[in-house]
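Below is one structure, written out as structure tokens; comments come after it.
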Amino acid sequence: SFLIKFSRLMRIYLDHSQQDQVLLSEEINALNIYLELEKNRFEDALDYEIAISKDLKTNQIKIPSLFIQPYVENAIKHGLLHKKGAKQLKISFKQQEDFICRKIKDNGIGVENAQRINRRQLTKHKSFALDANEERIHLYNRLKDYNIEVNLKKAVEDEENPGTLVTLKIPINLK
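11 is the number of the first residue of the sequence shown in our numbering; add one for each residue after it.
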């Protein structure tokens, strides 16, 4: 079952990599499969929720392909992997005016604590997917005037496990 899900996810990612935009519903489907695999890897210590507002037309709205998963992966790999105890991830999608507002909230160790861990490691991790997304956002905003926004902040005021809240705003009517 694990291998079937993994192969299905790889086929989806290969298909999406050939497209500039995909339906939001397709991206959410891939995200569900990815999170099922991660939950298995964490031996069910990971609890996640994907909340989609009822008024969001996921089968009609297109977003840049392979755009959401890197932020979720980053939350798991850097925030939740090093956390002791219950690992929680909440992803929400809702419409705000002419934008899709997507939030990823985790109860992990937070950005600053993760950076301290990375500095102690001999090898420096460079996030290809997040760097690529930053470049894509810059290009979309400059060349197509999309006004995509990414904001990152602590989810709660807790020194040990502040978690992270990533908010991504993507225009609904992409050109």
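Note that beta-carbon positions come from the ideal geometry of N, C-alpha and C, so glycine has one too.
Remember, predicted model here, so these are calculated numbers, not experimental data.
- Between Arg146 and Pro74, the C-beta spacing is below 8 angstroms.
- Separation of Leu41 and Ser35 (C-alpha to C-alpha, rounded to the nearest whole angstrom) is 10 angstroms.
- Taking the Cα of Gln105 as reference, the smallest distance to any Cα among Gly89, Ile86 and Ile71 is reached at Ile71.
- Bridge partners of Glu59 according to DSSP: Lys100.
- Relative to Leu178, the option among Ile86, Leu66 and Phe77 whose CA is nearest is Phe77.
- A contact is defined here as three or more CB-CB pairs under 8 angstroms, and the region 23 to 30 fails this definition with respect to the region 58 to 71.
- In the DSSP secondary-structure assignment, Asn161 is bridged to Thr177.
- By the CB criterion at 8 angstroms, Thr174 and Gly95 fall outside the cutoff.
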